[in-house]
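Protein chains in written order, with this note's numbering: chain A, 1 to 248; chain B, 1 to 409.
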Amino acid sequence: MLSSNKAVSVQGVVKNFGKIRALDKVGIEINEGIIFGLIGPNGAGKTTLLRILATLLKQDEGVVRVFGYDLPENRVLVRRYISYLPEDAGLYSRLTGWENLYYYAMLYYGRTTRALEVAEVGAKISGLSERDLSRKTSEYSKGMVRRVAIARTLMIGSRLVILDEPTSGLDVFSAYAIRKILKEYSRNNSVTIILSSHNMIEVEDLCDEVALINKGRIIVQDSPKELIHTYGGKNLEEVFISLAGEGL
Amino acid sequence: MNPVYVVIWKELKDMLRDIRTLAAIAFLPLLILPLMSLTSIYAQGLQPGYVALINYDRSSGSIGGVNITSDDVLREISETLEKYGFQVIQGVTTNVDATIIIREGFARNLTSLTERARLELIKTLGSSKADQVESIVSNIVNDLNFRIASLKIAELGSVSGLNVSVDSVLRPVEAQVRVVGVGGAPVSYEETLKVYIARFLSFSLIFVTTPSTAYITDSVIGEKERKTLEALLSTPVPRYALIVGKVVSTSLIGLLTGFTNALGLLLFAYVPSLIYGVNLFSLIPGSVMLAHFIAIYSSVLSSLALVTPAVIRSGSYRTAQASSMIIISIATIVFFISLYVDIEQLSDIYKWVLYVIPYTHASLFIKFVALGMLSNALTHLVILSLVIISLMYISIKLFNEERIIYGRT
């Protein structure tokens with residue numbers, strides 16, 4: 001199953017919350033080793049789709065496969081291959097930055113020396129000093145919290161990294177630092193990253209492929225360059241506006 | 001056990017670093033409850049009490065050759081009141097806690113064989129000291145009644161030529177009380193006291209349930225509200241490890257807080273007992289103390305096992321706390337009942353309703369240890385353990401990521 005070159009395959013997925021249809025026959029295919037952007041307005045269904053991929057929700061209809069494994073049936077197994085950063089994810093505020101990293105490393109690798117090594121990798125990815133990492137995260141700025149949260153997600157070495165709005169609410173410098181971390185990580189490791197974002201510059205800059213989702217449906221899926229070329233916009237933002245149109 | 005250890009590692013670090021909450025929940029009762037006891041005793045002593053004594057009696061009387069005047073009775077009342085720290089004022093005055101009036105003819109009526117003497121006590125509304133005066137006067141009057149009645153009976157006996165015993169006239173019935181153990185062997189006063197203490201220890205478990213339910217609510221719902229839960233649930237950590245890890249770590253904090261709370265309550269009773277020269281702790285055998293410790297931990301685990309299924313299906317603190325309140329109320333009822341009622345003697349329907357509640361078994365466990373009935377104690381401990389394990393299993397089965405994430409807040 002793991003030899004499948006599709007990291008994610010989603011076909012005809014429907015998800016309802018009561019009378020509200022959050023996802024309406026969604027279908028996407030994501031190849032291994034790419035950065036995939038999921039863009040769409042608020043309430044489009046981005047988070048719902050990411051939560052399904054992160055094994056936290058079950059679809060009502062349709063097929064979801066991660067590295068060839070069907071979800072939700074194989075969710076326990078799939079959790080070994082993914083790491084997920086929810087939107088506005090917090091840290092344990094009474095633990096230090098280092099302890100936050102070590103705790104997550106232990107959740108994956110138990111109380112082993114491997115967990116310590118993984119946490120060291122996390123500390124490096126975060127770019128924070130040893131002194132900062134030994135402080136409780138309640139003393140951190142929002143940017144520092146996000147750096148540790150991103151590092152916690154990436155350090156595991158999962159084959160699929162799912163990031164929900166990784167830079168939302170951050171200032172320009174912090175967002176830039178996060179993008180730099182993601183670029184470096186992606187360049188050095190052949191992992192698949194799926195991220196959702198409102199920031200078109202970010203998506204254009206980071207992603208090999210994007211999908212536009214609106215009102216629970218995937219409108220289009222292609223590389224940013226191809227989308228700009230095909231739909232004739234100056235940038236991805238114009239493509240996004242023209243495709244989503246008044247529906248926004 | 002490795003993933004369970006990992007969860008416990010994090011939870012204990014998180015909880016133990018919240019010093020302010022821990023101090024407020026665990027250590028404050030140790031300070032507050034004995035202090036409450038002490039202050040209430042000393043505050044009573046600090047509060048001055050004033051009593052006015054008014055004597056309108058000019059009569060005198062004698063019985064059995066003993067002359068009695070109202071001044072003798074008033075002197076006795078006055079001296080006793082002063083011994084208890086009251087200031088006694090002779091004559092009519094205002095702003096007093098109580099006024100004692102002896103009417104004209106008191107001594108004459110007291111020594112008469114046909115009349116009754118009258119003493120009036122006027123209490124001032126709202127005065128706590130007035131109640132104390134009533135109790136003192138009542139004791140003196142009871143004692144005076146017995147002494148005067150004895151003299152009158154002796155006098156009547158002498159006049160009639162009958163052989164009269166004062167006790168057989170005044171107390172024709174004597175109730176003899178003996179306490180025996182379960183096997184029928186007589187037991188000492190100390191042993192009786194130990195059983196009462198065991199009941200009190202059961203009652204002290206009331207304080208055990210609240211802190212642990214608060215901690216488990218924070219451990220689950222707090223993760224959701226601090227936005228750490230989703231990422232945690234997407235990791236490969238098994239759900240059983242999450243629940244068992246959270247419950248075990250919370251139970252350890254619950255044990256600490258439960259123990260200090262229960263100890264605080266014991267100190268509440270211990271401090272005044274020391275003032276009156278009794279060392280309550282010396283009357284508690286080691287086995288009962290150990291049973292109390294086990295009962296505390298079992299009660300903590302019971303609370304957690306009962307509340308966890310509700311908490312993991314709650315969307316917010318409010319709904320989780322509402323569930324916790326129900327559990328705490330049930331525990332309070334059971335532990336309060338155990339103070340006055342022999343649960344195993346109740347009729348079947350009430351008994352079995354109570355047996356369904358795990359706290360009942362914690363309470364009975366302590367009681368049977370105090371009575372030395374170890375097999376019964378062990379039975380209740382086993383039942384309690386099975387209930388806890390079953391409820392934990394239900395919690396694991398009820399665990400639902402979607403429900404937690406999208407639970408109504």
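Every residue gets a Cβ at the ideal spot worked out from N, C-alpha and C, and that includes glycine.
Beta-carbon proximity of residue i to residue j, cut-off 8 Å
i, j, result
"Tyr50 (chain B)", "Asn109 (chain B)", "no"
"Val148 (chain A)", "Asn100 (chain A)", "yes"
"Ser204 (chain B)", "Leu265 (chain B)", "yes"
"Ile366 (chain B)", "Leu283 (chain B)", "no"
"Leu85 (chain A)", "Leu163 (chain A)", "yes"
"Tyr340 (chain B)", "Ser299 (chain B)", "no"
"Thr217 (chain B)", "Ser324 (chain B)", "yes"
"Thr209 (chain B)", "Leu91 (chain A)", "no"
"Val311 (chain B)", "Val220 (chain B)", "yes"
"Glu344 (chain B)", "Leu364 (chain B)", "yes"
"Ala44 (chain A)", "Lys215 (chain A)", "yes"
"Lys25 (chain A)", "Asp60 (chain A)", "no"
"Thr99 (chain B)", "Ile122 (chain B)", "yes"
"Arg179 (chain A)", "Asp205 (chain A)", "yes"
"Leu95 (chain A)", "Tyr103 (chain A)", "yes"
"Tyr84 (chain B)", "Gln132 (chain B)", "yes"
"Thr47 (chain A)", "Glu87 (chain A)", "yes"
"Leu255 (chain B)", "Leu391 (chain B)", "no"
"Pro186 (chain B)", "Thr257 (chain B)", "no"
"Ile82 (chain A)", "Ala54 (chain A)", "yes"
"Val164 (chain B)", "Leu156 (chain B)", "yes"
"Met155 (chain A)", "Ile125 (chain A)", "yes"
Proximal chain A residues relative to residue i, where beta-carbon distance stays under 9 Å
i, result
"Arg199 (chain B)", "Residues of chain A passing the Cβ test: none, with the nearest at roughly 40 Å."
Chain-ordered chain A contacts of residue i [CB-CB under 8 Å]
i, result
"Thr235 (chain B)", "Arg79, Ser83, Tyr104, Leu107 and Tyr108"
"Glu402 (chain B)", "Leu56, Leu57 and Lys58"
"Ile253 (chain B)", "Simply none; closest approach about 13 Å."
"Lys246 (chain B)", "None at all; the shortest Cβ gap to chain A is about 13 Å."
"Ile405 (chain B)", "Arg51, Leu56 and Leu57"
Per-residue contacts from residue i into chain B (C-beta, under 9 Å)
i, result
"Glu165 (chain A)", "In chain order: nothing, as chain B lies at least about 12 Å away."
"Glu120 (chain A)", "Simply none; closest approach about 18 Å."
"Glu255 (chain A)", "Chain A is shown from 1 up to 248; residue 255 (chain A) falls before or after that span and cannot be answered."
Where residue i meets chain B, residues with beta-carbon distance less than 7 Å
i, result
"Arg111 (chain A)", "Asn2, Tyr5 and Val6"
With 16 other Cβ atoms within 10 Å as the buried cut-off, status of residue i
i, result
"Glu82 (chain B)", "exposed"
"Leu248 (chain A)", "Any reading at Leu248 (chain A) is ruled out, since the residue's pLDDT is 44, under 50, leaving its predicted position unreliable."
"Ala244 (chain A)", "buried"
"Val8 (chain A)", "buried"
"Ala250 (chain A)", "Absent from the model: residue 250 (chain A). The displayed extent of chain A is 1 to 248, so no value can be given."
"Met289 (chain B)", "exposed"
"Ile98 (chain A)", "In the sequence under discussion, the amino acid at residue 98 (chain A) is Trp, which differs from the Ile named in the question. It counts as buried."
"Asp171 (chain A)", "exposed"
"Pro48 (chain B)", "exposed"
"Asp342 (chain B)", "exposed"
"Lys19 (chain A)", "exposed"
"Val278 (chain B)", "exposed"
"Ala149 (chain B)", "exposed"
"Asp72 (chain B)", "exposed"
"Leu2 (chain A)", "Residue confidence for Leu2 (chain A) is low, a pLDDT of 49 falling below 50, so the modelled location carries little weight; the figure read from the coordinates is stated next. The residue is exposed, with fewer than 16 neighbouring Cβ atoms inside 10 Å."
"Tyr393 (chain B)", "exposed"
"Glu246 (chain A)", "At Glu246 (chain A) the pLDDT is 49, less than 50, meaning the model places this residue with poor confidence and gives no usable figure here."
Chain A residues whose Cβ lies nearer than 7 Å to that of residue i
i, result
"Arg17 (chain B)", "Arg94"
"Leu194 (chain B)", "Going by the sequence as given, residue 194 (chain B) is Lys instead of Leu. The premise fails here: Lys194 (chain B) is roughly 43 Å from chain A at the closest Cβ pair, so nothing lies under 7 Å."
"Lys367 (chain B)", "Those within 7 Å of Lys367 (chain B) in chain A number zero; the least Cβ separation is about 40 Å."
Partners in chain B for residue i, counting only beta-carbon separations shorter than 8 Å
i, result
"Glu238 (chain A)", "None at all; the shortest Cβ gap to chain B is about 33 Å."
### Message
Ignoring anything shorter than 4 residues, give me the alpha helix (DSSP H) runs that lie fully in the region 35-85 of chain A, in order along the chain.
### Response
List check, alpha helix (DSSP H) in window: 46-53 and 75-78.
### Query
In the region 12-52 of chain B, which residue ranges form an unbroken alpha helix (DSSP H) of at least 4 residues, counting only runs that do not cross its ends?
Taken in chain order, the complete alpha helix (DSSP H) segments of 4 or more residues contained in the region 12-52 of chain B are 19-22 and 28-46.
### Task
Go through the region 74-110 of chain B residue by residue and report every complete run of the beta strand (DSSP E) that reaches 3 residues or more, in order.
Listed in chain order, they are 86-90 and 98-102.
### Task
Give, in chain order, every unbroken run of the beta strand (DSSP E) that is at least 3 residues long and sits entirely within the region 157-190 of chain A.
160-164, all fully within the region 157-190 of chain A.
### Message
Tell me which residues of the region 58-91 of chain A have at least one Cβ-Cβ distance to chain B shorter than 8 Å, keeping chain order.
### Response
Cβ contacts with chain B come from Lys58, Val76, Arg79, Arg80, Ile82, Ser83, Tyr84, Leu85, Pro86, Asp88, Ala89, Gly90 and Leu91.
#### Entry: Residues from the region 216-232 of chain B in contact with chain A, defined by Cβ distance under 7 Å
The region 216-232 of chain B vs chain A, Cβ under 7 Å: Arg226, Lys227, Thr228, Glu230 and Ala231.
### Query
Which residues, in order along the region 183-214 of chain A, keep a beta-carbon less than 9 Å from a beta-carbon of chain B?
Answer in chain order: no residues at all.
### Task
Compile a chain-ordered list of the residues in the region 122-146 of chain A whose CB is closer than 9 Å to at least one CB of chain B.
Interface annotation for the region 122-146 of chain A against chain B: Lys136, criterion Cβ-Cβ distance under 9 Å.
### Task
May I have a chain-ordered list of the alpha helix (DSSP H) segments no shorter than 4 residues that lie completely inside the region 79-141 of chain A?
Every unbroken stretch of the alpha helix (DSSP H) spanning 4 or more residues and falling wholly within the region 79-141 of chain A is given here in chain order: 97-109, 113-126 and 130-133.
### 4-residue-minimum alpha helix (DSSP H) runs that sit fully inside the region 301-351 of chain B, ordered along the chain
The qualifying runs are 317-340.
### Query
Can you list, in chain order, the residues of the region 12-45 of chain B whose Cβ is nearer than 7 Å to any Cβ on chain A?
Taking 7 Å as the Cβ-Cβ cut-off against chain A, the residues of the region 12-45 of chain B that qualify are Lys13, Asp14, Arg17 and Asp18.
### Task
May I ask you to list, following chain order, the residues of the region 112-129 of chain B that have a beta carbon less than 8 Å from some beta carbon of chain A?
Taking 8 Å as the Cβ-Cβ cut-off, the region 112-129 of chain B has no residue approaching chain A.
### Query
What residues in the region 73-93 of chain B have a beta carbon less than 8 Å from any beta carbon of chain A?
Cβ contacts with chain A: none found.
### Query
If contact means a Cβ-Cβ distance below 8 Å, which residues of the region 351-378 of chain B contact chain A?
Answer in chain order: no residues at all.
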